[in-house]
Structures are given as structure tokens and as C-alpha cells.
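K.L.:
One structure is given below, represented as C-alpha cells, and several questions about it will come after.
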Amino acid sequence: MFFLDKLFDGKFWSLGQDVLNYTESNSTDPVTQLFPRSGQCLYYLYGASGVMQLYSSICVLSLNVLYAKIFVFLWFWFVMLLIVTSAWIIFRLATITVPWIRRFLLYIRCGCHVQKYTIYRIVACSNVGDWFFLNMVGQNVDTVLFSDVLKDLANKLGEEKASDLEFKMSRFSNINE
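The numbering of the sequence shown is the numbering used here, which starts it at 2 and goes up by one.
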């Protein structure tokens, strides 16, 4: 969009807004200002005596009508892509930074076959990369099978946390003795 704006001397950036404003009012058409439909043509022809003569006429630039429609469509397409891409980036940043969104997405992905505490334990014990991997697995696996995987993973994480806690407690009791 920036490249096209430079190409059209700064007139492309506001082309769609100008077209919408033009449809509501009776001002000059912004598309015909950017893509004129007629122009002056100069013809040099040799006359009967062999002398070159200059003829001036008005030529219809029929392809500019097509170009105008294409670039107005491109403007609206670029704006739509900008909005969708911005929303997707905001969603991804939210899933990276907010743990409850990750829990909610895993809960939806498993088809509500798993207890919320199980998903809470998985998200609390894993990082964003692990969650992303589990989310991709959940997209490609049946919900019942994915629920079983999450339950087994939560059990394994629970065992690791319990053994880790016992190890820390044993170290603490050895220091006090």
C-alpha cells in the first residue's frame, strides 16, 4: 500500500475514503482525477504536399476505466487485510501473554471432556511453546483422543511436581539436622 501510494504521488492512501465520500456527495470524482478517461492526442501526419501537419484530437483512454476499478478494489482489499492481520496479531499476543486465554482455548479444543483443573495444571506447568504444540496437536487429533492425552499429561506433570516437592523437602530437612 505504501508502494502504491508513492507510485500515485500520495493519492492512493486516501483513494477508498475519497470514493466513499464521492458516492455520498456530488463533488468531483477522485477516480477520474487519478485515472483520466480522456486525454489530448497529437498526431503528426504528412499531407498531400509532403509537409508534416499536426493534428490534435481527444482520445478515449478506455483501459483507465478498468485500472480505476482494479485499484479501488485493491484499496479495499488492502484495508481488509490490514484489519484481519492486526486482529490476528493482537490475538496471538494475547494468547502469549495471558494464561487464562490459553486455558480457555485448550478447554475448547478438547471438547469439554477434561476437567478445568487438569487444563489449569497443564498451562501452569508449561510454557507458551508447549501450549502451542498441544494446541496444534489438538487441531489434528480427535477430541476424545486429545482429552486422553491431556489427562495423561496432567497426571505426569502432577507426579513430577510431587517428586520435585519431596526432593526439596528432603533437602530442607537435611539442612535442619
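Just so it is clear, CB atoms sit at the ideal spot from N, CA and C, and this is done for glycine as well.
Given that a residue counts as buried once 16 or more other Cβ atoms are within 10 Å of its Cβ, and exposed if not, what is L16?
P.N.:
Flag for L16 reads buried.
K.L.:
Would you call the CB atoms of L75 and P37 closer than 8 Å?
P.N.:
The answer is no: Cβ separation not under 8 Å.
K.L.:
In its own chain, which residues sit with a C-beta less than 8 Å from the C-beta of A95, not counting the 5 before and 5 after it?
P.N.:
So the qualifying residues of the chain are I102.
K.L.:
Between L83 and the ligand SAH, is there a pair consisting of the residue's CB and a ligand heavy atom that are separated by less than 7 Å?
P.N.:
You won't find the ligand SAH in this model; it holds no ligand whatsoever.
K.L.:
In whole angstroms, what is the alpha-carbon distance linking A163 and V115?
P.N.:
Low confidence applies to A163: its pLDDT is 47, below 50, so where it sits in the model is not reliable, and the reading given next is rough at best. The straight-line gap from Cα to Cα measures roughly 21 Å.
K.L.:
Candidates Q34, Y23 and C126: which alpha carbon is nearest L154's?
P.N.:
Closest by alpha carbon: C126.
K.L.:
Is the beta carbon of S57 closer than 8 Å to that of L43?
P.N.:
Yes.
K.L.:
Which of helix, strand or coil does DSSP assign to C42?
P.N.:
The answer is strand: DSSP assigns C42 an E or B state.
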